[in-house]
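These notes concern the structure reproduced below.
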Amino acid sequence: MLVAAYLTCLLLGGALVLVDELRSGPRDAIDHPAQPLTDTETERQVVGSAQQIVALARLRTTTAGYLPVSCKNLNDPPYQGTIYLIFVLPREAHGDTYFGEIAADLVGHGWTEGLAPAEHVFGRTLSKDGVTAVVHRHSDDNSVGVLRLAGPCRNINDHRHDTTGWKDITGLLTAIR
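Position in the sequence shown counted from 1, then plus 23, gives you this note's numbering.
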């Protein structure tokens, strides 16, 4: 009886290991995205989303940068396109309403509002087509706001040895005034 119980445990344990190896998990989805993007497609996706937000919210961009960032660790693929944008807040902007108005405008154009970013009071998080945007007042300067965007982890090109850092894309993200 004891031998039968022992053999049953061994068989079930072996089956569990085999099933776990055959099943793809979340890590496999990150390491091998189903529809990888090129560098150009990765950048175009987040820049397009940023252009839509800048236009709809009528943001007055002062500076904006683009950088592919590893989704796995500091260096290894896959990568996601990221944008960090600084904009001037209107003088009459009140944090408790201004960022809510931006979110409402974006929701009206197909964006989905998520949980507020915990580290930024009155900030808003939104997403659309795999791109996540966080908009909030700058922590060190109350006269400016920050828009951060991150695309999906679908770029599998190797950027470990890139010598460039942030790419200035301010000219692409200036709203018509």
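Positions of the beta carbon are idealized from the N, C-alpha and C atoms, including for glycine. Values in this document were obtained by computation on a predicted structure and should not be read as measured data.
Three-way DSSP call (helix, strand, coil) for residue i in this model
i: isoleucine 179; result: coil
i: glutamate 115; result: coil
i: serine 72; result: helix
i: threonine 193; result: helix
i: glycine 88; result: strand
i: glutamate 136; result: strand
i: glutamate 173; result: With the sequence shown as reference, residue 173 is identified as alanine, and glutamate is not the correct amino acid for it. Alanine 173 falls in the strand class under three-state DSSP.
i: valine 144; result: coil
i: threonine 187; result: coil
i: glycine 168; result: strand
i: arginine 67; result: helix
i: leucine 129; result: helix
Residues bridged to residue i [DSSP beta-bridge criterion]
i: lysine 151; result: Val154
i: tyrosine 102; result: Ser93, Asn178
Whole-number beta carbon distance between residue j and residue i, since they are thought to touch under 8 Å
i: threonine 155; j: leucine 172; result: 7 Å
i: alanine 73; j: leucine 196; result: 5 Å
i: proline 140; j: valine 167; result: Actually they do not touch by this definition, with Cβ atoms about 16 Å apart.
i: cysteine 176; j: proline 56; result: 7 Å
Near the ligand ADP: residue i beta-carbon under 8 Å from a heavy atom
i: glycine 168; result: This structure lacks the ligand ADP; in fact it carries no ligand of any kind.
| task | For the region 119 to 132 and the region 178 to 187, state whether three or more C-beta atom pairs, one from each stretch, are separated by less than 8 Å. | result | Taking 8 Å as the limit for Cβ pairs, the verdict is that the region 178 to 187 does not touch the region 119 to 132.
| query | Quick one: any contact between the region 132 to 150 and the region 86 to 103, if contact means 3 or more CB pairs under 8 Å? | reply | no
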